[in-house]
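Numbering of the sequence shown is given in the working numbering, commencing with residue 14 and proceeding in unit increments. Heads up, the beta-carbon is just placed ideally off N, CA and C, and yes, glycines get one too. Remember, it's a predicted structure, so these values are computed and weren't measured experimentally. What follows is a set of notes on a single structure, which appears directly below.
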Amino acid sequence: MNFARTPRVTVFPDAQTAARVVAARLASALQDNPQLVLGLATGRTPIPLYAELVRVSAARGLDWSRVTTFNLDEFVGVPPESPGSYRRFMEERLFRHVNLDPHRINFLNGTADPDDECRRYDRAIAAAGGIDVQILGIGTNGHIGFNEPGAGLEARTHRVRLRSETRRSNATLFGGEIDKVPSEALSMGMAAILQARTALLLAHGETKASCIERVVNGPLTTELPASFLQLHADADLILDAAAASRLTGAG
Ligand code: F6R
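Here it is in structure tokens:
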């Protein structure tokens, strides 16, 4: 048994360079396994990655028709087609630009019955054989997906009350008005994330630096959900220089 230090840390000069390298890695994974099951995140962080993936897909003629996707989370009460939804974000940034089969796009529906919807999602993830590569961002409070810090974490897909800092950082999706950001979301739980065969967590900018330092050096704690990536056998932190600025010897 190899207890090599995990997650691995790779630091790039900027977010754009990181996006190019990760997109190339995903493109190769997709070419090696046309039936790849991809876990996807929304938010500001993966925007350059999705732009780069769209570019690489066109340049290399990548075939997404047998790829399956699962997004991490969605706001409760927000219909999929609504401008503030994560579903809409993904349609605009990635889905409509590649030849994904709509039947293979899996998304939590924020307007469905929450309990039924969460169980449905877990069954769909299991039926797909789990996630091959999970893309993650990280909240400034250490959340992954919408697994918020607290006294405990949920293994399964669940309904979550969003912390105020999380609502604030999503305000741009709702015209800059924090009051319009839903107070609840549905989120994949820690089990599906940690059982993904590969986890790639991207972080950019100074605001993520202290969390990243704790993910790398701190103890496992439910107060920093991303710290559980220390238990993952194949997890990478892909950082820009600012997000890595509190680490020593990273690179
Ligand atoms: C969104 C998600 C969240 C974000 C996190 C960081 O699907 O899973 O965990 O990754 O809130 O958001 P940004 O990238 O906007 O800083």
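- Select from Asn160, Val50 and Gly188 the residue whose C-alpha is nearest the C-alpha of Leu113. Val50
- Please indicate yes or no: does the CB of Val57 lie closer than 6 Å to some heavy atom of the ligand F6R? Before going further, note that residue 57 is Arg rather than Val in the sequence given. Yes, the ligand F6R has a heavy atom inside 6 Å of this Cβ.
- Going by DSSP, which residues form a beta bridge with Ile251? Thr23 and Leu215
- Message: Please return the same chain residues whose Cβ sits closer than 7 Å to the Cβ of Asp128, not counting the five positions on each side in sequence.
- Response: none
- Of the choices Leu107, Tyr134, Glu87 and Val80, whose alpha-carbon is the least far from that of Arg117? Val80
- Name the DSSP bridge partner or partners of Asp86? Ser200
- Message: Just to check my reading of the structure: His171 and Leu207 have Cβ atoms closer than 8 Å, yes? What is that Cβ distance to the nearest angstrom?
- Response: About 15 Å; that fails the 8 Å criterion.
- On a CA-only basis, which of Leu214, Ala198, Ile225 and Pro232 is nearest Ala31? Give me that one, please. Leu214
- Message: Just to confirm before moving on: does the CB-CB distance between Gly202 and Arg227 stay below 7 Å?
- Response: no
- Task: Could you tell me if the beta carbon of Asp27 falls within a distance shorter than 6 Å of some heavy atom in the ligand F6R?
- Result: no
- Using a Cβ-Cβ cut-off of 8 Å (strictly less than) and excluding sequence neighbours within five positions of Ser258, which residues of its own chain qualify? Glu219 and Ala222
- Message: I'd like the list of long-range same chain contacts for Val111, defined as Cβ closer than 8 Å, with 5 residues on each side in sequence excluded.
- Response: Leu66, Val67, Ser70, Leu75 and Trp77
- Query: Between the region 228–239 and the region 187–196, do three or more beta carbon pairs fall short of 8 Å?
  - Reply: no
- Assign Arg109 to one of two classes, buried (16 or more other C-beta atoms within 10 Å of its C-beta) or exposed (fewer than that). exposed
- Proximity below 7 Å, CB of Gly123 to CB of Val173: no
- How about Ala216 and Ile151: do their beta carbons lie closer than 7 Å? yes
- Using three-state DSSP, classify His156 as helix, strand or coil. coil
- Item | Proximity below 7 Å, CB of Leu186 to CB of Gly97 | yes
- How many Å lie between Gly264 and Ala125 at the Cα? Model confidence at Gly264 stands at a pLDDT of 48, short of 50, so the residue's coordinates are unreliable and nothing is read from them.
- Item | Contact between the region 136–155 and the region 97–106 (3+ Cβ pairs under 8 Å) | no
- Message: Quick check: is any heavy atom of the ligand F6R less than 6 Å from the C-beta of Gly152?
- Response: yes
- Query: How far does the beta strand (DSSP E) with Gln29 in it reach, from first residue to last?
  - Reply: Element bounds for Gln29: not the beta strand (DSSP E) but the alpha helix (DSSP H), Ala28 to Asp45.
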